[in-house]
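Only one structure is covered here, and it is reproduced in the block below.
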Amino acid sequence: MAKKKERKNKTPSKRYALYEKKGDVLERKNTFCPKCGAGYFMARHKDRLTCGKCGYMEKN
Ligand SMILES: [Zn+2]
Numbered sequence: 187m188a189k190k191k192e193r194k195n196k197t198p199s200k201r202y203a204l205y206e207k208k209g210d211v212l213e214r215k216n217t218f219c220p221k222c223g224a225g226y227f228m229a230r231h232k233d234r235l236t237c238g239k240c241g242y243m244e245k246n
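Position 17 of the sequence shown, counting from 1, maps to 203 under my numbering, and the rest follow consecutively.
Structure follows, in structure tokens:
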């Protein structure tokens with residue numbers, strides 16, 4: 187049986203950073219695309235948000 191190393195520095199998946207649980211409600215931190223609607227996150231860039239689906243861009 188292989189010995190499993192215990193990881194002390196657990197880095198949570200970044201996917202979880204998009205959500206924040208507040209009680210029973212799951213709050214999304216990212217902005218949804220206004221054109222594509224809920225479910226399509228805007229990709230965060232340095233100074234803007236873009237939608238990978240429709241190409242919509244929003245300046246910050
Ligand atoms: Zn879009």
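Built from N, CA and C at the ideal position, the CB exists for glycine as well.
For clarity, every value in this text was computed on a predicted model and none was experimentally measured.
Query: DSSP state of Lys232 mapped onto helix, strand, coil; Result: coil
Query: Option nearest Cys240 by Cα separation, candidates Phe227, Glu192, Asn246 and Asp233; Result: Phe227
Query: C-beta atoms of Lys245 and Arg234 nearer than 8 Å; Result: yes
Query: Among Ala224, Pro220, Lys232 and Gly225, the one whose alpha carbon lies nearest that of Tyr242; Result: Pro220
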